[in-house]
Amino acid sequence: MTTTAPRPIPISPAGWYRRGLRQSAALPAVILAATFIGIGSVCADFGMPLAWAMLATLLIWAGPAHLILVNGLGTGGTWLAVGLTVGLSSVRLLPMVVSLLPYLRGGKQRHPLTMMLCAHMVAISIWVEGLRLLPDIDAEGRVPFFLGLATGLLCSATLATAAGYGLAGIIPQAFAAGLLFLTPIFFLLSLFTTSRVLSDQLAIGVGFAGLPLASFAGDGLELLWAGLGGGTLAYGLARLRRSRLAP
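For the sequence shown, my numbering gives the first residue as 1, with consecutive numbering after it.
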């Protein structure tokens, strides 16, 4: 007599959403909260009302763009100019959205509004966690899990903005400025852990090696030149290697 293993109990979308919320209470949320404490302190120093500072976190959901908004309005920039600058600064998130969408679509056409909401939630922290966690999740559970994870991170950032706003004048400005660098450092370290293919590893190495050379240009665009040149060279070298290994 043979026995069959019991079928696993399917998880509802609400269950996947709760799992995403629980997963958000991890190291990325701590780093993100620390960064937005610094952003909240900067908002208070520039005189931005607390409600507007928290709303900006919800709507912009990117630390550099948030700082561009605060600095632009604080120095007398027009709403149109500041809005265009914030929008252009967010173009850097487009490759992150493109790399996550194949996991979120799950082989089935999703509603465009759902995809737009998922795209809005993409930032450095959620991108790193999404690439790490989504491949191991059932296709039907990826979107609710992703939204739960993003909701938890977004709420922690919004509350941290309020905390930093209240701590303005208490924490030293140098310390608040240092908090802003935690997310870029986390992103840099995460690149090493998430790079699985040769082109990714080459892009990181060539970009690092090319940055000192690009700095001699003296035009303030050394990061752009190092990233563009390093990525292009890494892509070409990876394709050349694949062509040589092909039978």
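Virtual Cβ for every residue (Gly too), placed ideally from N, Cα, C.
Whole-Å CB distance - residue i paired with residue j, under 8 Å assumed
i	j	result
C253	F146	It is not possible to answer for residue 253, since the shown part of the chain is limited to 1 through 247.
V128	S90	With a Cβ gap of about 17 Å, V128 and S90 do not count as contacting.
A214	A226	4 Å
T194	L153	17 Å between Cβ atoms; not a contact.
L55	T151	Not quite, the Cβ-Cβ distance comes to about 16 Å (not below 8 Å), so this is no contact.
Coarse secondary structure for residue i, derived from DSSP in three states
i	result
A168	strand
D138	coil
V30	helix
M48	coil
V206	helix
R19	helix
S24	helix
F181	coil
I11	coil
V197	coil
G220	coil
A62	coil
Residue i versus residue j - alpha carbon distance
i	j	result
G47	A162	14 Å
T35	P10	37 Å
Y17	G148	4 Å
E140	V70	39 Å
W79	L188	32 Å
L240	G218	32 Å
C43	I124	21 Å
L27	C155	15 Å
M1	L182	At M1 the pLDDT is 46, less than 50, meaning the model places this residue with poor confidence; the figure from the coordinates comes in the next sentence. Roughly 60 Å between the two C-alpha positions.
L237	V97	25 Å
P212	L223	10 Å
L58	D136	28 Å
A176	S12	41 Å
R19	F192	26 Å
G38	S243	48 Å
V86	P184	18 Å
P64	I126	15 Å
L32	W61	11 Å
V143	S99	14 Å
G229	F208	11 Å
A29	I68	22 Å
L113	L50	29 Å
Fully enclosed by the stretch 64-131, which alpha helix (DSSP H) runs are 4 residues long or longer? DSSP runs (the alpha helix (DSSP H)) wholly in the stretch 64-131: 79-89, 94-105 and 112-121.
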